[in-house]
Every structure is written in C-alpha cells, then in structure tokens.
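Peer 1: One structure coming up, written as structure tokens, with questions to follow.
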Amino acid sequence: MRSASWIILIVAFCRVVSADDNVLGLPAPRNAEHPGAVVLHGGGRISEDVFERFIELAGGKEARIVFVPSAGWRPSDYQSESAFLDVIRSRFSSWVALGTNKRVKNFQFLYTDSPRAAESATFVKPLETATGVWFSGGDQARLNYRFVGNFPSQTKFQIALRQILERGGVVGGTSAGTAAIPEVMTLWHEYEDFDAPATAVAAHGLGVLTSAIVEQHFDARGGRLERFTGLLRDNDKLDRLTGRDGVGVTMLGLAVEERSALIVRGDHLQVLGGANAHVFAKSNQGKTLIWHELAPGEAAELKRDRTGSVELRRGK
Numbered sequence: 683m684r685s686a687s688w689i690i691l692i693v694a695f696c697r698v699v700s701a702d703d704n705v706l707g708l709p710a711p712r713n714a715e716h717p718g719a720v721v722l723h724g725g726g727r728i729s730e731d732v733f734e735r736f737i738e739l740a741g742g743k744e745a746r747i748v749f750v751p752s753a754g755w756r757p758s759d760y761q762s763e764s765a766f767l768d769v770i771r772s773r774f775s776s777w778v779a780l781g782t783n784k785r786v787k788n789f790q791f792l793y794t795d796s797p798r799a800a801e802s803a804t805f806v807k808p809l810e811t812a813t814g815v816w817f818s819g820g821d822q823a824r825l826n827y828r829f830v831g832n833f834p835s836q837t838k839f840q841i842a843l844r845q846i847l848e849r850g851g852v853v854g855g856t857s858a859g860t861a862a863i864p865e866v867m868t869l870w871h872e873y874e875d876f877d878a879p880a881t882a883v884a885a886h887g888l889g890v891l892t893s894a895i896v897e898q899h900f901d902a903r904g905g906r907l908e909r910f911t912g913l914l915r916d917n918d919k920l921d922r923l924t925g926r927d928g929v930g931v932t933m934l935g936l937a938v939e940e941r942s943a944l945i946v947r948g949d950h951l952q953v954l955g956g957a958n959a960h961v962f963a964k965s966n967q968g969k970t971l972i973w974h975e976l977a978p979g980e981a982a983e984l985k986r987d988r989t990g991s992v993e994l995r996r997g998k
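Count the sequence shown with the working numbering and you get residues 683 to 998, in order.
Here it is, written out as structure tokens:
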C-alpha cells in the first residue's frame with residue numbers, strides 16, 4: 683500500500699508541472715504544426731511590425747479579425763450606438779481599413795455593456811469563425827465585468843477565445859487588453875502605508891493563459907515591478923486564485939514594456955516593437971525568481987524540467 687501511495691503522489695506532482703498543454707498553459711492546437719498565438723503588447727504606440735505580425739498570425743488575406751474595444755469604450759457613454767461607432771471607427775481607423783481595403787477577409791467590432799452577452803450564443807458567434815481577436819486598452823476591470831464567468835466557470839466568450847487558439851488563430855491586446863488575457867490578472871495596486879511597496883489587487887481574467895501572470899506598461903508606470911513580483915512570489919495566493927494546489931510554485935511571469943510586444947506561440951517567444959520584454963521564472967521550489975530580459979528582435983524557447991522549474995533558451 684505504501685508503494686501505491688508513492689505512485690499516486692508522483693503522478694499528482696507530474697500533473698501539477700505538466701497538466702497544461704504547454705509551459706504557459708495555452709490550449710493544445712488541433713494541428714501541432716500550426717499552433718495558436720498570443721500577442722501581449724505593453725501599451726503605447728503599436729509599431730508596424732507588431733501590427734503586421736498580428737495580421738499574419740491571423741491568416742493574412744484570409745484573416746477574420748474581431749476587435750473588442752470594451753476596455754476603453756462603452757456604448758452607454760454615447761447618445762446613440764451610431765455615435766459610439768463613429769468614435770471607435772475613427773479611433774481605430776487603421777484596423778477598420780483592413781476590411782475596407784480588403785487586406786483581410788473580414789473585420790468587425792464586438793462590444794457590449796452587459797455581462798449577460800458573454801453567455802449569449804448570438805453575441806459569441808463571430809468568435810466561432812474568427813482567426814484573430816484584439817482587445818484595446820482602457821480598464822481591464824471592464825473586461826472582467828463583461829466577459830469573465832464566476833470562477834471556476836467560464837463564459838461562452840472565454841471558451842470561444844481558447845478555441846480560436848486551438849484552431850491555430852491568435853488572441854492579442856494592448857495595455858488593459860494585455861492585462862486581461864491570463865487566468866489571473868492584476869486590476870490595480872494599492873499601498874498598505876506611505877512607504878510600503880505597491881501590492882497587486884488581483885482578479886480573474888479571460889483565461890487564455892493559465893500558467894503565467896502578465897504585466898504591461900512595465901517600464902513606464904510606478905509600482906509595476908513591486909506589484910508584479912509580489913503577486914508572482916505569493917504562491918499560496920496564486921493557488922487560491924487558480925483553484926489548483928501547487929500551481930503557484932511553477933507560475934511564470936511575463937512583463938512587457940511600452941511600445942513592445944511579446945509574441946507567444948506554444949513555448950516559443952519573440953519580441954517585436956521598440957522596447958524590451960521580460961520573463962520571470964521560478965526555481966528552488968518557487969522561492970527564487972530568475973529575471974530574463976529579451977530585447978527587440980530576440981527570440982527564446984521555454985522548457986520545464988522534472989522539478990517544475992523553467993529554463994529559458996535564447997535564440998530558439
């Protein structure tokens with residue numbers, strides 16, 4: 683009986699470090715030769731190479747792109763839906779031009795003020811054929827309110843996002859849109875007292891990544907390093923937020939500077955844009971953080987060993 687118990691314990695440990703489809707917890711692709719991708723933009727100007735790479739990952743001329751502006755723009759803030767659409771079409775004219783100039787097969791906005799929409803088959807239907815979804819900046823709490831289910835349940839909207847990746851598509855965002863992509867996201871930060879470091883106020887995100895937390899505006903806004911690494915070090919809190927014991931000690935951290943994007947495709951990473959991205963990995967049973975900085979144009983691969991620690995291999 684004792685040997686059987688040890689086998690059960692070993693199997694349980696292996697599930698903690700390898701149950702996800704890959705190191706970052708992306709869904710397994712239906713076609714292993716064409717994995718889905720995630721684009722994490724740190725905020726600020728989206729450079730041409732990032733924009734073009736997103737379109738390419740979505741399928742180029744065959745792309746069906748859905749743009750979700752709900753983090754920053756709400757129909758209820760305008761006198762009419764047409765007034766709302768006039769504003770976002772002007773604000774995101776380069777995206778709209780993808781459709782009008784026939785650079786992609788289809789482009790549309792998807793928006794709502796109601797959290798009930800995320801469970802509506804009619805509302806979610808555009809995601810069933812989408813090859814790329816982009817989330818604008820704004821306030822990530824608005825995305826949590828509109829699209830995220832009562833954890834651990836997921837809305838139809840959340841499920842559809844992961845299915846896009848299963849089909850080999852791409853999900854991306856900038857600023858608040860990036861913040862909301864993982865399963866555990868930071869809403870904002872607070873201070874216990876005047877001299878204390880920033881502490882993350884965490885909530886549940888869209889759940890596209892389940893084995894990493896994400897930070898944006900990493901180089902440009904105060905308190906980002908403190909709140910991000912503080913949450914990443916809190917293994918017990920990460921276990922509670924994910925509802926999975928032992929996940930905290932293996933959780934990764936991805937941080938992106940403004941004007942930069944981290945392209946995640948399976949276990950492969952690539953940095954585009956004009957600034958750096960950062961990968962925080964854990965070792966020593968989650969007690970130690972290893973900080974890797976990736977420059978624009980740099981690529982890397984993540985590999986997890988039997989202990990659950992992750993190694994970053996540059997140039998892969």
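We put the beta carbon where it would ideally sit given N, CA and C, even for glycine.
What is the rounded straight-line gap between the Cα of T805 and the Cα of R995?
Peer 2: In the sequence under discussion, the amino acid at residue 805 is Phe, which differs from the Thr named in the question. If I take the Cα positions, the gap works out to 41 angstroms.
Peer 1: On a CA-only basis, which of R906, Q836, N713, P717 is nearest I945? Give me that one, please.
Peer 2: Looking at the Cα atoms, P717 is the closest of the given residues.
Peer 1: Are T813 and R712 close, meaning C-beta to C-beta below 8 angstroms?
Peer 2: Result no, Cβ atoms of T813 and R712 do not sit closer than 8 angstroms.
Peer 1: Determine the contact status of V705 and V938, defining contact as a CB-CB distance below 8 angstroms.
Peer 2: Contact: no.
Peer 1: What's the gap between the Cα of T911 and the Cα of G997?
Peer 2: Their backbone Cα atoms lie some 25 angstroms apart in a straight line.
Peer 1: Between which two residues does the alpha helix (DSSP H) carrying S775 extend?
Peer 2: Residues 775-782.
Peer 1: Considering only residues of the same chain and omitting the five flanking positions on each side of D916, which have a CB-CB separation below 8 angstroms?
Peer 2: Correct list, in chain order: G930.
Peer 1: Pull up the DSSP beta-bridge partners for S818, would you.
Peer 2: DSSP output for S818 lists no bridge partner at all.
Peer 1: Suppose contacts are defined by Cβ-Cβ distances below 8 angstroms. Is L913 in contact with A885 by that definition?
Peer 2: Contact: no.
Peer 1: With a threshold of 16 other CB atoms inside 10 Å of the CB of E763, please say whether the residue is buried or exposed.
Peer 2: E763 comes out exposed.
Peer 1: Using a Cβ-Cβ cutoff of less than 8 angstroms, which residues in the same chain neighbour E848 once the five nearest sequence positions on both sides are dropped?
Peer 2: Same-chain partners within the cutoff: P709, A710, P711, R712, G718.
Peer 1: If you compare alpha carbons, which of V953, F962, V778 is closest to A977?
Peer 2: Per the Cα distances, V953.
Peer 1: So, at 7 angstroms on beta carbons, what are the nonlocal neighbours of F829 in its own chain, with the 5 sequence-adjacent residues on each side left out?
Peer 2: The answer, listed in chain order, is A800, T837, F839, Q840, L888.
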